[in-house]
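> Right, I'll just put the structure down here and ask away after.
Number of protein chains: 2
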Amino acid sequence: MSAPSSSPRAESFPAHTPAASQVFVTALSQGPLTRLELARRAGLSPAAVTKAVRPLIEAGYLAESADDESRPALGRPASLVRVDGGRALFLGVKVTGDEVIGVLTDLCCRVLVARHLPLADRRPQAVLATLADLTQELLAEADGLGVHVVGAGVAVSGDVDRARGLVRYSPFLEWREVPLAELAAMTTGLPVTVDNDVRALTVAEQWFGAGVGLSDFALVTVGAGIGCGLVVHGRVVAGAHGVAGEIGHVTVDPAGPLCHCGNRGCVEAVAGEAAIVDRVRRATGTEVADAAEAAALAHQGVAAAQEAYARAGEAIGRGIATVANLLGPERVIISGEGLAAYDLFAEQIRDSFAAAAFGSAARCDVRTRPLPFEEWARGAAASAIQSFIGQSRNGPSSAGPSATAPLLAGKPATAGGPRP
Amino acid sequence: MSAPSSSPRAESFPAHTPAASQVFVTALSQGPLTRLELARRAGLSPAAVTKAVRPLIEAGYLAESADDESRPALGRPASLVRVDGGRALFLGVKVTGDEVIGVLTDLCCRVLVARHLPLADRRPQAVLATLADLTQELLAEADGLGVHVVGAGVAVSGDVDRARGLVRYSPFLEWREVPLAELAAMTTGLPVTVDNDVRALTVAEQWFGAGVGLSDFALVTVGAGIGCGLVVHGRVVAGAHGVAGEIGHVTVDPAGPLCHCGNRGCVEAVAGEAAIVDRVRRATGTEVADAAEAAALAHQGVAAAQEAYARAGEAIGRGIATVANLLGPERVIISGEGLAAYDLFAEQIRDSFAAAAFGSAARCDVRTRPLPFEEWARGAAASAIQSFIGQSRNGPSSAGPSATAPLLAGKPATAGGPRP
DNA sequence: TTCTTTCATTGACAGCGGAAAATAACCCGC
DNA sequence: GCGGGTTATTTTCCGCTGTCAATGAAAGAA
């Protein structure tokens, strides 16, 4: 319905070769860099960088900052190449059970405007209508800036097929097989990317957050649920059947409380907000409305509440150790709304992680990263940015009967042979 | 010391481009294929395959089988391209705590000869001496075949840095920082690749076993210990700190038996052979020598022994479910000596996997694959083969201060934009 | 000014992989 | 036995990418 007031035409991004994309992404995530440094980090020759950068500067996606403070006072001063965030805008939308959160970001994924709209009805039509309203508001803001919005990302929890833009199954929304990308593209007039919310947030961390420069890390989100996004070999793990990173349903205690998934003692059944609130309520006999209240009680020194958080911390720490034991990531980033009460279980997380981590898996860098709730929407924007800059290189999405994977491993190395 | 009677000179493998390697590996693992099929599976044009195949045929690594039964009686008959296994031989050696197992394989990783030598002393010098003896025997066998042995692989449990050929820490052997590849290359006169045993076995499965054609799978080995090799995005997961796939130390019951790692209720503390034997021994009060005896008791209907296996099965199933929940592999392959008693816990593995798998993670194909113990040595040979055919493409092994990973994700796809 | 140092660019070039056309090999029906 | 039909493979360009080595550019230093 709504005719967008800004560009109705998808812009094309002039990075058609792997090398050019690599250079652009490196500039995007590793900040302003000299061409030489860019070459080193992207594993290319300086000449290749010069050639990759030029068309991107001409198209306005990259820019040169002439000066650099940290000049070694010798030789030609380097000029810094950086992404011009103002060149293009993106929308990111996170759909939760009861509201829709949207952000307007620039190409560097900096949030310019954030909006929330309540969601009364979870059926696709209603969500799309709300989404259209939200989009309208954000596009109006974008109009004021005079820059085109070139893509939108939508993040939804559950099983999402990003390649097809399909929400296969979302328990929260009670959706099945909803072709959300297509529908949202119709209502917003923009190219729309749909992805799982945790995966989208993981991309945001990988490019703009605490995962920059790492090829293997995990992002653990603590809040109503306990989620986990994994990056292995530099790529987000999607799972063959749409399931991956379900750290929330790793069992930490087979005798633990019943989880909504049907098992006992899942991480989420111990450390999810509902579980904590429930435990505090039962232990104190008082009515506890939400997690904030439970945390308040713990801060006031109510032992039962503190105990609930301690148990939650143990469960989370053990879940993280499981990830570390299985994948050996360089870093684990803990984030999510639940971090508001981090002081209540930080110690337990650390201790139980350290205890359950096997051998040098304990050397994994576990750190926290408090993020506003809008970060979820920003993740969706990151997803849109990813689609935008990678759009030329869509492999044979689902074509070919045997879409096999790279068969060669990393860097086989061999000690020298004999010297007769 | 020992001057190898066969080729003292490392041969070079004429596949210097990614495409050529891809073609060769596809031919290696997916059996004889027509060029057209090869092109499709490797994601290349037919012309590229022709060009890649020619030099490999000329060098004798590939061969053409003229005929094909399944001819559709229409059009030019296809000729099959296959790897000529007889072109080169490899050694694979697995070092355990009390013996050294060696195999001689061809280029297709078919075992031609297998030998065991007992190991009395675990110190590096002693192991190297045994390894030299074993190598002598196998090289003598190879001499009879008139084909050169072009590389050797050594598999060791523990933390191994394959790129450097370094055994960082092996608890079984009580080794630390042993540059095994270099030492073994000296004594054997061959290029030597050293890798972790489970990772080596995983490569063997990926190329020659139940993982062929899959980009995401897990291999779980059941035996004295419980191990796990992971392939994600088509590559074996190595772990940032040398630890990965430690499914054996995933906690399944915080109140369970004490594990040698210091925690309680690790999978290995319940399902490892020692744990099973221990449990049977304690429950029956009789002396139980080893796992075979425990299994025999269970087969005779001794309830306590059956119970021990049932518990083990539960633990393994839960461990597998954890892997499936976190990574969403297409398949999990269960293997290892422990499979000899598979009938004793198959049901429990399946049931507890199905119960603990979250959502469609349960769709993961869990299957068993009984393998002889020599398979471990064959894994080492596969590792050597991998080094041999990939030797031209060693990235900057450890050069560059910021060896960053591929920053771009798989296949971003976007639903169409507007059509005004 | 001229030299040194470092960053960036240029232009020649090799080689890879693709597209399309040509060729090869086979069966069939006549 | 000879076209015709069909499929596999090869050939022949051709564009394009990324590298190499040399050159230019922009300082500060002598």
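Just so you know, the protein sequences line up as chains X and H, in that order.
Its first residue numbered 34, the first sequence is counted upward by one per residue in the working numbering.
Its first residue numbered 34, the second sequence is counted upward by one per residue in the working numbering.
Glycine residues also receive a C-beta, built at the ideal position from the N, C-alpha and C atoms.
#1: Start and end of the beta strand (DSSP E) containing X:Tyr202?
#2: Beta carbons nearer than 7 angstroms to chain H: which residues of the segment 362–377 of chain X have them?
#3: Can you tell me the Cα-Cα spacing of H:Ser430 and H:Ala196, whole angstroms?
#4: Which residue or residues does DSSP assign as beta-bridge partners of H:Ile349?
#5: Tell me the residue span of the beta strand (DSSP E) that contains H:Ala96.
#6: Pair every Cβ in the segment 156–173 of chain H with every Cβ in the segment 213–225 of chain H, then say whether three or more of these pairs are closer than 8 angstroms.
#7: Let me see if you follow: with CB-CB separation under 8 angstroms, is X:Val283 close to chain H or not?
#8: Tell me whether H:Leu149 sits in a helix, a strand or coil according to DSSP, three-state version.
#9: Please specify which runs of the beta strand (DSSP E), each continuous and at least 3 residues long, are wholly inside the segment 250–311 of chain H, giving them in chain order.
#10: Excluding five sequence neighbours on each side, which residues of the same chain lie with their C-beta closer than 6 angstroms to the C-beta of H:Thr235?
#11: Evaluate X:Asp1 with the Cβ neighbour count: other Cβ atoms within 10 Å of its Cβ, from every protein chain shown; 16 or more gives buried, anything less gives exposed.
#12: Mind checking if X:Val255 is an interface residue toward chain H, Cβ cutoff 8 angstroms exclusive?
#13: List the residues of chain H that X:Asp286 touches, going by C-beta distances under 7 angstroms, in chain order.
#14: Report the three-state DSSP secondary structure of H:Phe123 (helix, strand or coil).
#15: Under the assumption that H:Gly135 contacts H:Gly125 (Cβ atoms under 8 angstroms), give the Cβ distance between them as a whole number of angstroms.
#16: Of all the CB atoms in chain H, is at least one closer than 8 angstroms to the CB of X:Arg115?
#17: Report buried or exposed for X:Pro403, applying the criterion of at least 16 other Cβ atoms within 10 angstroms of its Cβ.
#18: Does the beta carbon of H:Ser190 come closer than 8 angstroms to any beta carbon on chain X?
#19: Does the segment 191–211 of chain H come close enough to the segment 139–151 of chain H that 3 or more CB-CB pairs lie under 8 angstroms?
#20: Shorter than 8 angstroms from the beta carbon of X:Arg148 to some beta carbon of chain H?
#21: Taking one C-beta from the segment 403–415 of chain X and one from the segment 227–247 of chain X each time, how about it: are there three or more such pairs within less than 8 angstroms?
#22: Mind checking the segment 375–399 of chain H against chain X and listing, in chain order, the residues whose C-beta falls within less than 8 angstroms of any C-beta there?
#23: Measuring alpha carbon to alpha carbon, tell me which residue in H:Gly278, H:Phe241 and H:Ala271 is nearest H:Gly258.
#24: Quick one: is X:Ile280 near chain H, going by C-beta distance under 8 angstroms?
#25: Among all the DSSP beta bridges, which residues are the ones paired with X:Ile367?
#26: May I have the straight-line CA-CA distance separating H:Val187 from H:Asp228, to the nearest angstrom?
#27: Reducing DSSP to helix, strand and coil, say where X:Arg155 ends up.
#28: Closer than 8 angstroms, Cβ to Cβ, to anything on chain H: give me those residues from the segment 248–278 of chain X, in chain order.
#29: Buried or exposed for H:Ala432, please, with buried defined as at least 16 other CB atoms from any protein chain shown within 10 angstroms of its CB.
#30: Relative to the C-alpha of H:Val82, which residue among H:Glu91, H:Ala72, H:Ile90 and H:Leu89 is closest?
#31: So with CB distances below 7 angstroms, who are the chain H contacts of X:Arg351?
#32: From X:His274 to H:Ala390, what does the alpha carbon distance come to, in whole angstroms?
#33: Which chain X residues are close to H:Val356, counting only those with a beta carbon under 9 angstroms from its beta carbon?
#34: So, do the segment 302–318 of chain H and the segment 353–366 of chain H have three or more beta carbon pairs nearer to each other than 8 angstroms?
#35: Measuring only the C-alpha atoms, how far is X:Asp139 from X:Phe46?
#36: Run through chain H and tell me which residues come within less than 7 angstroms of X:Cys294, C-beta to C-beta.
Taking the definition as stated:
#1: Leu199 to Ser203
#2: Pro362 and Glu363
#3: Summary for H:Ser430: the model assigns pLDDT 28, below 50, so the residue's position carries little reliability, and this model does not support an answer.
#4: BP columns for H:Ile349 are empty, so no partner.
#5: Leu95 to Ser98
#6: yes
#7: yes
#8: It is worth fixing the name first, because residue 149 of chain H is His in this sequence and not Leu. Strand.
#9: 250–255 and 259–265
#10: Leu252, Gly262 and Val269
#11: Because chain X spans 34 through 453 in this model, residue 1 of chain X falls outside it and cannot be assessed.
#12: no
#13: Pro287
#14: strand
#15: 7 angstroms
#16: no
#17: exposed
#18: no
#19: no
#20: no
#21: yes
#22: Ala388, Ala389, Phe391, Gly392, Ser393, Ala394, Arg396 and Cys397
#23: H:Gly278
#24: yes
#25: X:Val253 and X:Thr401
#26: 6 angstroms
#27: coil
#28: Ser248, Asp249, Cys261, Leu263, Val265, His266, Gly267, Arg268, Val269, Val270, Ala271, Gly272, Ala273, His274, Gly275, Val276, Ala277 and Gly278
#29: Note that H:Ala432 has pLDDT 29, beneath the 50 cutoff, so the model's placement of it is unreliable and no number is given.
#30: H:Ala72
#31: Thr284
#32: 12 angstroms
#33: Leu359
#34: no
#35: 15 angstroms
#36: Phe391
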